[in-house]
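Undergrad: Before I ask anything, here is the structure I am working with.
There are 2 protein chains.
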Amino acid sequence: MKVAVLSGGVGGARFVQGLVEVVEPGDVTVIGNVGDDVEVLGLHVSPDLDSILYALAGLNDEERGWGRAGETWRALATVGELDGETWFQLGDLDLGLHLVRTQALRSGDPLSSVTRRLSVALGIETHVLPATDDRLRTWIETPAGEFPFQEWFVARGHRDEVDAVRFEGEAIPAPGVLDALEDAELLLIAPSNPYVSIGPILAVEAIRSALAARQVPAVAVSPLIGGRAVRGPADRMLQRLAGGTSPAHVASQYPGLIDALVVDEADADDLDGLGDVRSIVTRTLMSDPDARKRLAEVALGAVVA
Amino acid sequence: MKVAVLSGGVGGARFVQGLVEVVEPGDVTVIGNVGDDVEVLGLHVSPDLDSILYALAGLNDEERGWGRAGETWRALATVGELDGETWFQLGDLDLGLHLVRTQALRSGDPLSSVTRRLSVALGIETHVLPATDDRLRTWIETPAGEFPFQEWFVARGHRDEVDAVRFEGEAIPAPGVLDALEDAELLLIAPSNPYVSIGPILAVEAIRSALAARQVPAVAVSPLIGGRAVRGPADRMLQRLAGGTSPAHVASQYPGLIDALVVDEADADDLDGLGDVRSIVTRTLMSDPDARKRLAEVALGAVVA
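These protein sequence lines map, in sequence, to chains A and B.
Here the first sequence stands for residues 1 to 305, where the numbers follow the working numbering.
Here the second sequence stands for residues 306 to 610, where the numbers follow the working numbering.
Laid out in structure tokens, this is it:
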């Protein structure tokens with residue numbers, strides 16, 4: 001079964017890891033968020049694509065939740081000693097990838113080609129695509145001012161409440177994205193932050209239209225458990241921007257775009273207001289490989305149910 | 306006593322280390338070669354300036370002869386795994402410096418400012434200046450074709466014989482260079498390769514003119530011992546391009562620019578043809594800190610002799 005999945009970084013990457021355990025890896029296309037891409041020390045960093053690549057290559061640090069296992073930080077320590085910018089954590093292993101990607105981008109390769117090259121080098125069979133090759137950047141409006149995503153998220157530790165999320169840049173889908181959405185027998189939205197992880201993907205109008213015009217089922221997995229985010233600010237954002245953190249508030253972020261929402265058992269008593277969206281209740285915490293795989297199975301089960 | 310010294314990389318850096326043991330470090334200005342600067346993985350690398358900075362900061366790897374002590378190579382290993390360019394060795398610690406410098410250069414800072422900033426951060430009192438802030442690149446003409454310096458030196462292991470050395474770019478001295486040459490009570494040329502280390506500095510016409518018009522003594526230290534280079538291709542180049550490797554052949558590379566040449570005891574019987582250039586015979590192998598210091602003392606002694 002061919003599957004296309006929209007995904008943010010860490011949580012999405014974990015979900016995708018589970019997914020390729022139950023679907024042929026080569027039948028899965030991951031459409032990744034690039035709204036939080038950032039230039040650090042002159043290098044182009046794509047945190048969400050990298051989380052997906054590292055997870056699929058088995059190189060990710062399970063414990064820390066981001067970056068590579070066995071990472072060291074010697075280059076960044078030197079940068080600090082030389083009074084360079086150190087607000088964004090770049091490990092030595094991670095740097096190797098950023099150097100290769102940045103050089104390729106500077107030579108004119110689009111991000112999708114570079115990502116494919118990196119995937120091949122890492123032995124990944126799953127298709128990993130950026131939502132767009134164009135420059136698309138997420139800006140966060142807060143009472144303290146408007147910030148580029150990573151400045152708000154990393155440098156300010158996402159401490160500011162969010163009044164609005166804005167996307168900068170006119171973007172069209174990267175080559176392969178629309179084909180993947182068209183060929184898929186199931187469309188999935190990973191348990192990622194609807195505003196800052198999935199939102200930038202859906203900000204590419206042709207992707208949103210393709211989802212809205214789908215001929216196959218679309219299933220989102222809620223990133224909340226008992227109304228709380230496992231990590232990150234999704235719950236605070238939903239509370240402030242959508243008025244609550246129930247499954248219905250999550251589903252409201254994908255209007256007309258999903259047929260079912262996978263929610264956690266902890267939210268089973270709070271299923272009002274989902275309208276046409278069917279709820280699928282299961283355990284959604286991806287605490288280990290088995291849990292990830294089970295969650296993917298449930299999401300896939302939505303098709304046949 | 307104020308001293309200005311023209312220097313290439315490794316050998317020059319060692320000499321400068323000895324020099325600042327016998328002269329107040331703040332009274333020394335090093336004018337470094339930038340002809341072998343290179344863009345690697347999108348980073349601006351200044352190998353000779355770095356050798357000087359690392360040596361003066363006590364961070365250099367004495368045994369390997371280049372780069373930093375305690376270096377690791379994890380980023381570059383990753384670059385290799387991702388099929389990126391690995392022909393030029395960049396360690397993790399070294400990368401930190403290249404990232405900081407490259408970012409500063411891209412933001413419009415001239416190389417001399419960046420070098421000063423790095424010096425300050427590394428606690429270096431000696432003034433380290435690039436010969437020029439302009440783009441000046443050394444090209445090596447060989448029977449196999451013409452190559453940018455590092456491609457010939459590193460990628461091809463300087464295996465090709467050299468027919469000619471050419472400098473690309475119109476360059477004026479970096480701020481501070483002419484002042485340092487004017488203020489100096491002694492001008493030194495480090496035991497570096499005359500063609501590819503000192504040559505690019507003298508290719509900056511105003512520097513060459515300042516040396517030619519000097520009011521103070523100028524002393525070069527020969528990089529050869531018994532007609533052989535301690536490392537690198539200086540001897541092969543002198544043989545082929547100047548017709549021999551005697552002290553007179555070395556001195557011929559600095560016509561009208563030096564008053565004395567420090568040569569090794571092993572060359573003491575081969576002092577013919579030096580003309581106006583006085584020879585100073587001593588042990589020149591900089592095998593340890595004491596040897597470096599003694600060599601610097603001898604070079605300085607040329608003034609009072």
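Even glycine gets a Cβ: it sits at the ideal position worked out from N, Cα and C.
#1: Which residues share a DSSP beta bridge with B/G337?
#2: Alpha carbon to alpha carbon, how far is B/S584 from B/M306? Give it in angstroms, no decimals.
#3: Residues of chain A with CB under 8 Å from B/G389, in chain order?
#4: In the stretch 428-507 of chain B, which residue ranges form an unbroken beta strand (DSSP E) of at least 3 residues, counting only runs that do not cross its ends?
#5: What residue range is occupied by the uninterrupted alpha helix (DSSP H) comprising A/L43?
#6: Can you check whether the C-beta of A/R116 is within less than 8 Å of a C-beta belonging to chain B?
#7: Here's a check: name, in chain order, each residue in its chain whose Cβ is nearer than 7 Å to the Cβ of A/G8, leaving out the five neighbours to either side.
#8: Can a CB atom of chain A be found closer than 8 Å to the CB of B/D397?
#9: Name the residue from B/G323, B/D355, B/D468, B/E386 whose alpha carbon lies nearest to the alpha carbon of B/P448.
#10: Pick from B/L402, B/T391, B/G385, B/D388: whose alpha carbon is nearest that of B/R373?
#11: Pull up the CB-CB distance for B/V335 and B/T443, whole angstroms please, since I reckon it's below 8 Å.
#12: Does the beta carbon of A/E125 come closer than 8 Å to any beta carbon on chain B?
#13: Just to confirm, is the Cβ distance from A/F15 to A/A251 under 8 Å?
#14: What are the uninterrupted segments assigned as beta strand (DSSP E) that are 3 or more residues long and contained completely in the stretch 43-103 of chain A, given in chain order?
#15: Could you tell me which residues DSSP pairs with A/D264 in its beta bridges?
#16: What does DSSP give as the partner residue(s) for A/V40 in the beta ladder?
#17: So, for B/Q455: in the same chain, excluding its five sequence neighbours on each side, which residues have a beta-carbon less than 7 Å away from its beta-carbon?
#18: At what residues does the alpha helix (DSSP H) containing A/A213 begin and finish?
#19: Specify the secondary structure class of A/I225 as computed by DSSP and reduced to three states.
#20: Taking the straight line between their C-alpha atoms, what separation do you get for B/A489 and B/G428?
#21: With DSSP run on the structure shown, which of helix, strand or coil describes A/A305?
#22: Let me know the secondary structure DSSP gives B/V328 once reduced to three states.
#23: Is B/L346 close to chain A? Criterion is C-beta to C-beta, closer than 8 Å.
#24: Quick check on this structure: which residue in B/R536, B/A539, B/G561, B/S527 has the alpha carbon closest to the alpha carbon of B/T587?
#25: Just the Cα atoms here: how many angstroms apart are A/A174 and A/L241?
#26: Throw me the rounded Cβ distance for the A/L82 and B/A380 pair, which I believe falls under 8 Å.
#27: Three or more C-beta pairs under 8 Å: does that hold for the stretch 563-580 of chain B against the stretch 530-537 of chain B?
#28: By a C-beta neighbour count over all protein chains shown, 10 Å radius and 16 as the cutoff for buried, is B/D593 buried or exposed?
#29: May I ask you to report which of helix, strand or coil DSSP gives A/V219?
#30: Give me the Cβ distance between A/G84 and A/L129, rounded to the nearest whole Å; I'm assuming they're in contact under 8 Å.
#31: Around the C-beta of B/Q322, are 16 or more other C-beta atoms found within 10 angstroms, so that it is buried, or is it exposed?
#32: Output, in sequence order along the chain, the residues in the stretch 48-79 of chain A whose CB is closer than 8 Å to any CB in chain B.
#33: Please state if the CB of B/G396 and the CB of B/E376 are separated by a distance shorter than 8 Å.
TA: The answer reads as follows:
#1: B/S312, B/P435
#2: 22 Å
#3: G96, L99, V100, Q103
#4: Listed in chain order, the complete beta strand (DSSP E) runs (minimum 3 residues) inside the stretch 428-507 of chain B are 432-435, 442-447, 450-453, 469-473, 491-494.
#5: From DSSP, A/L43 is part of no alpha helix (DSSP H) but of the beta strand (DSSP E) over 43-45.
#6: No - not a single Cβ of chain B is within 8 Å of the one on A/R116.
#7: N33, D48, A190, S192, N193, S197, I198
#8: It does: the Cβ of B/D397 has a partner Cβ on chain A nearer than 8 Å.
#9: B/D468
#10: B/L402
#11: That pair is no contact at about 19 Å.
#12: At least 8 Å separates the CB of A/E125 from every CB of chain B.
#13: No.
#14: 43-45
#15: A/T282
#16: A/L43
#17: D341, V343, F393
#18: Per DSSP, A/A213 belongs to no alpha helix (DSSP H) and is neither H nor E.
#19: Residue state, collapsed to three classes: strand.
#20: 23 Å
#21: Low local confidence applies: a pLDDT of 48 at A/A305 is under 50, so the model's placement there is unreliable, and no value is given.
#22: coil
#23: yes
#24: B/S527
#25: Computed Cα separation, rounded: 29 Å.
#26: That belief does not hold up - the Cβ atoms of A/L82 and B/A380 are roughly 16 Å apart, past 8 Å.
#27: yes
#28: Using a 10 angstroms sphere on the CB of B/D593, the tally of other CB atoms stays under 16, which defines it as exposed.
#29: Reduced to three states, the DSSP call for A/V219 is strand.
#30: That belief does not hold up - the Cβ atoms of A/G84 and A/L129 are roughly 32 Å apart, past 8 Å.
#31: buried
#32: T72, R74, A75, L76, A77, T78, V79
#33: Cβ atoms of B/E376 and B/G396: closer than 8 Å.
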